[in-house]
Every structure is written in C-alpha cells, then in structure tokens.
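A short write-up of the structure that comes next.
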Amino acid sequence: MGECKNCGTPVEKGETCEKCKQHQEYIQHKNEESMFDFEPQQHTYETPKKRQEETSPEPSNETTVESVPTLPIRQEAESEDPFLFSEKTERKSFKRPKITWLIAGILVVLMSAAFFIYSQITSKDTLYFTLDEKSQLGFVNGAGELVLETEYDGAYLMSQIEPNAGIYGRGPEHLMESYYFNGVLFPVITGEPGEPKSFGFINKEGEWAIEPTFDAARPFYNERALVYTEGAHGFINQEGELVIPPQYRSAKDFKDGYAPVFKDDQWGYIDKSGDMVIDPTLDEAYHFNDGVALVIKNGQYQYIDTNGEQVMGQTFEKGYGFSEGVAPVSVDGQYGFVDKEGTMKIEPQYDRAFPFHDGHATVCMDQKCGVINKGGHMVVDMKFDKISWYVDGLAHAFTGIQHGFIDTEGNWKIDLEGNFVAAFPFYKGVGLTIKRVDNPSRGDGRRNTLEYKNKNGETIHEF
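The following block contains the structure:
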C-alpha cells in the first residue's frame, strides 16, 4: 500500500489515486483546447462607447449656418489579438519564431515606404492646372502626370496670374492656392462662344458639384467661396448655398476667418456667418495674417486686430502685411520692420522691404536687392534685380542676365535657361515658371510657355 502524492489517499499501486488522475487528464485536455478555442479576455475598464455616452454633452437647440455631420466613433474590440493573454489567465502567449517577426517587420517597413512614395507621386491632394492646345482646362499631379481633363475654358486662369502678389497679407501659400486644385471643389467657367459665361464648381472627378449659375467665382477658403451674381458679391458654402447673400460692391476672399468687404463706399470685415465684425470705415482693407490686418484709413497705413482696434499707436507712410511677428513699414522714406507693440525690430534703412517668410526677407537699396534674416543681418548680398518669396529654402531671383532660384546664401540652385519672364514660389515641391518662346503664327512672333519644375530644376510638365 502507498499514498497518493497529491491528496494522500491510500492507493494499492502507482503514485496517484484514480480521482486525481482523472482531474489531471481533464486539465491537460482543456489546456490543449484553449490554444484554438477560447473566450476573449475581458477588460476591466469601461469601453469607449460607454465613456462616450456618459461624457457626451446634451443636444443643443442652437442653430448654425452649416450642419456638420458627426462621424461615427470607431469602437474598440474587446481583444485586438486573440493570442495575447494576461498573466492572470495563466495561459501561455502564442509566440512566433523571432526570424518570422523580423521578416514580417521588414516587409511592413518596405510596403509602408513604397506606399508613401506612391502616394506622394500620385496624390490628388493638390492638382496643378494645365491647358491643352484649345485652352481647355486640365490638371496634373505632382509628378506631372495628367490626371483630369475637362472641356472647360481655362484661359481665365492666365489673366489672374500675379507672381508678385501676396505682400499685403495673403502670403505665398494663399497666393498659390488661387491657381491649384487643393480642396474638394474648383471653380470653372463654361458657355458657348459668343454667349454669356457662367461659373460653377467641379469635383476631382470632373463632375459638377455646384451648377454654373454665377457670373464669377473664386476658390474656397475657410469653407466659403466668393461669387458674383445678381450684380453684387456674396459667399457660398460647399453645398452651393448663398450663406452670405450678394450685397457688396466688392469683396475679397476669407482668410483666418475674416473677409474684407466694400459697403457704403468704405471697407470693413465680416465673419463666416456674414456678420459685420469691423464696421466699414476704412479706405482699404487687406487680409488678416498673424491676427493683424493692414488697413488704410484717412490715407495713412496702420494695423488693426480682429476687434478693429489699432494694435500700435502710430501710422506709417506705407506698409505690408504682418508675417512671422513683424511687418515692413516706411518711415521718412526708409523701410524697417516693426512688431505688434510698435517696436522697431529692424531700423528703417532700406529703399524697399518685403515680408518675412521662412525666416528671410528681401530688402532693396539703389535698385539692387538682397536678403536679411530675423536678426537683421544681410545673408544674401544686394546684387539681384529681384528676389521673391523664400519657400522651402528657395526663392526666385534674377540679375538681368541670370534667371532662376537661389538658396538662403544666394547660391544659384536652379538655373532657368531661356527667356523666362516670371516664376512663382514653390508650392508642395512644384514651381510654376513662364517663358517667352518664338511663335511665328502670332502677330508679335512670341508666345508664353508655362513649365512646372521640381526642386531639382527638372521640368515635369509643360504647356
């Protein structure tokens, strides 16, 4: 006779009694089953759905100009990976060999990199306009590939090109967005030759999203698009509704939530609801930038905040928009840079000066231009006839002999060979240039050719 090693019960032979032996077999059987058939581990915390129900605010009865649909909240699964267990369950984790995980990780990295590169090349986030031989509008992607053709007249875009604009507060990004397909809709013009033209908006598939019923239209900014209809200017939303009825003799795009409008022979500002937030008492009003707008009142240049209050107790002979905390202003015929408190950060000493961008600003003396940094130090000598905005470390410049893009030290990085007459700031890695070429079929024997270039100076598309 002996004793069971588990419970001490007398046994005739063996080390365990029959009852303990059956229990061990049962446990082993269940452990083998648990590798393929089990209940998910239960979390001890509250699920996102429950927290959302408890913390969501009460429905509001207030009405708004637009109703923005609420996206459904993705609910977390109780267990994302069925092979992961907590220590409390006393179950073993399912572990793959390390080499398998290493290979899988490398494949994921390679696939992610390939997808990123592909998305950068083929992304439709920004499309760049182009024209065919009949001046019909089309769009190319960042690789210069034609991705959308239309039957609409695109010549009107050429008449709006302003390479030197943006210095009064718009800045280079807002300037370039006037020409490129950035949002979900783009304004196009339609109408048979000799008949009245109408503007509407298409989506990125080239389909009408807002029917052509306007006499003129601008791109969307801050979810509003400026339109001209019924003899006045107003604003529509992305559903094509006139949320701000046509009532202004003139108006400018929204920027930073405000739009300058011309009413009763004076300029003021409205918000996105159409409320007049700054009364029309100004001779001229420009876009807000850095929370400050350049205005002209009684013939004097000054700056106001979003309440319409003057941000410094002085006026100037001339000035440009605030950018990166300072603005170029003219005092006694010389330009310097002032901050929002009215302190001269860079003393007036230049014949001309333009707003900062990317930490650099163009300044000019004796009809030659160079570049200073935020400390007022000259980093590019005054040897250029013109220097435009710095974007991503490059600025268009020319000397009268050489034409191209320079870096922040004044070195030529892209040389534009030929008779180039204009070039725009780079926008998302693409720069638009305009070149005059021979064309005997025209009366003056010349025509404009537009080229998109990448930051290596390579032409990716020409029209």
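Note that UniProt numbering has the sequence shown beginning at 1, numbered continuously upward.
Beta carbons: idealized from backbone N, C-alpha and C, even for Gly.
All figures in this text were calculated on a predicted structure; none of them were measured in a lab.
Taking the alpha carbon of residue 175 as the reference point, which residue from 388, 397, 454 and 370 has its own alpha carbon closest? Of the candidates 388, 397, 454 and 370, the one whose C-alpha sits nearest the C-alpha of residue 175 is 388.
Coil, strand or helix - residue 185 by DSSP: If DSSP states are grouped into helix, strand and coil, residue 185 belongs with coil.
Less than 8 Å between the beta carbons of residue 286 and residue 321, yes or no? Yes, they are a contact pair.
Under three-state DSSP, which class holds residue 196? Three-state DSSP puts residue 196 in coil, outside helix and strand.
Just verifying my parser: in three-state terms, what is the DSSP assignment at residue 377? In the three-state scheme derived from DSSP, where H, G and I count as helix and E and B as strand, residue 377 is classed as coil.
Relative to the C-alpha of residue 446, which candidate in 152, 434 and 453 has its C-alpha closest? For residue 446, the closest alpha carbon among the candidates 152, 434 and 453 is that of 434.
Please identify the residue among 299, 295 and 319 whose C-alpha is closest to the C-alpha of residue 309. Among 299, 295 and 319, the Cα nearest to that of residue 309 belongs to 295.
What are the uninterrupted segments assigned as beta strand (DSSP E) that are 3 or more residues long and contained completely in the region 232 to 297, given in chain order? Annotation: the region 232 to 297 contains the following complete segments of the beta strand (DSSP E) (minimum length 3 residues), in chain order: 232 to 236, 244 to 248, 259 to 263, 266 to 270, 276 to 282, 284 to 289 and 292 to 297.
Segments of 3+ residues assigned as beta strand (DSSP E) that fall wholly inside the region 129 to 159: Runs found: 136 to 140 and 146 to 153.
For residue 175, name the three-state secondary structure that DSSP assigns. The answer is helix: DSSP assigns residue 175 an H, G or I state.
With a threshold of 8 Å, are at least 3 pairs of Cβ atoms found where one atom belongs to the region 166 to 186 and the other to the region 410 to 429? Cβ pair count under 8 Å is three or more, so yes.
For residue 168, which three-state DSSP category applies? Reduced to three states, the DSSP call for residue 168 is coil.
Cβ neighbour criterion (16 or more within 10 Å) applied to residue 141: So residue 141 counts as buried.
List the whole-angstrom C-beta distance separating residue 188 from residue 200, where the pair is believed to meet the contact cut-off of C-beta under 8 Å. Contact holds; Cβ gap of about 6 Å.
As assigned by DSSP and simplified to three states, the class of residue 230: Three-state DSSP puts residue 230 in coil, outside helix and strand.
Can you find at least 3 beta carbon pairs, one from the region 298 to 318 and one from the region 268 to 283, that sit closer than 8 Å? Segments in contact, yes.
For residue 256, which residues from the same chain have a beta carbon less than 6 Å from its beta carbon, with the 5 sequence-adjacent residues on both sides left out? Only 288 meet the Cβ criterion.
Assuming contact is defined by CB atoms lying nearer than 8 Å, are residue 126 and residue 136 in contact in what I supplied? For residue 126 and residue 136, no; Cβs fall outside 8 Å.
Starting from the C-beta of residue 206, find all residues in its chain whose C-beta is less than 6 Å away, skip the five residues before and the five after it, and write them out in chain order. The answer, listed in chain order, is 148 and 150.
Start and end of the beta strand (DSSP E) containing residue 387? That run of the beta strand (DSSP E) goes 386 to 391.
Answer yes or no: do residue 245 and residue 264 have a C-beta to C-beta separation smaller than 8 Å? Their beta carbons are not under 8 Å apart, which means residue 245 does not touch residue 264 by this criterion.
By how many angstroms is the C-alpha of residue 260 removed from the C-alpha of residue 220? Looking at the two C-alpha atoms, the distance is approximately 15 Å.
Reduced DSSP secondary structure (H/G/I, E/B, other) of residue 190: DSSP places residue 190 in strand when its eight states are reduced to three.
Between 334, 233, 406 and 324, which lies nearest to residue 374 when the distance is taken from Cα to Cα? If we check each option's Cα against that of residue 374, 324 comes out closest.
Give me the Cα-Cα distance between residue 292 and residue 437, rounded to the nearest whole angstrom. So the alpha carbons of these two residues sit roughly 43 Å apart.
Give me the residue from 344, 235, 352 and 341 with the minimum Cα distance to residue 335. For residue 335, the nearest C-alpha among the options comes from 352.
Of the listed residues 393, 391 and 410, nearest to residue 399 (C-alpha basis): Closest in C-alpha terms to residue 399, from the list 393, 391 and 410, comes 410.
Taking just the CA atoms, how far does residue 458 sit from residue 429? Residue 429 and residue 458 have their C-alpha atoms some 12 Å from each other.
Which two residues bound the contiguous beta strand (DSSP E) that contains residue 401? Note, residue 401: premise wrong, no beta strand (DSSP E); not H, not E.
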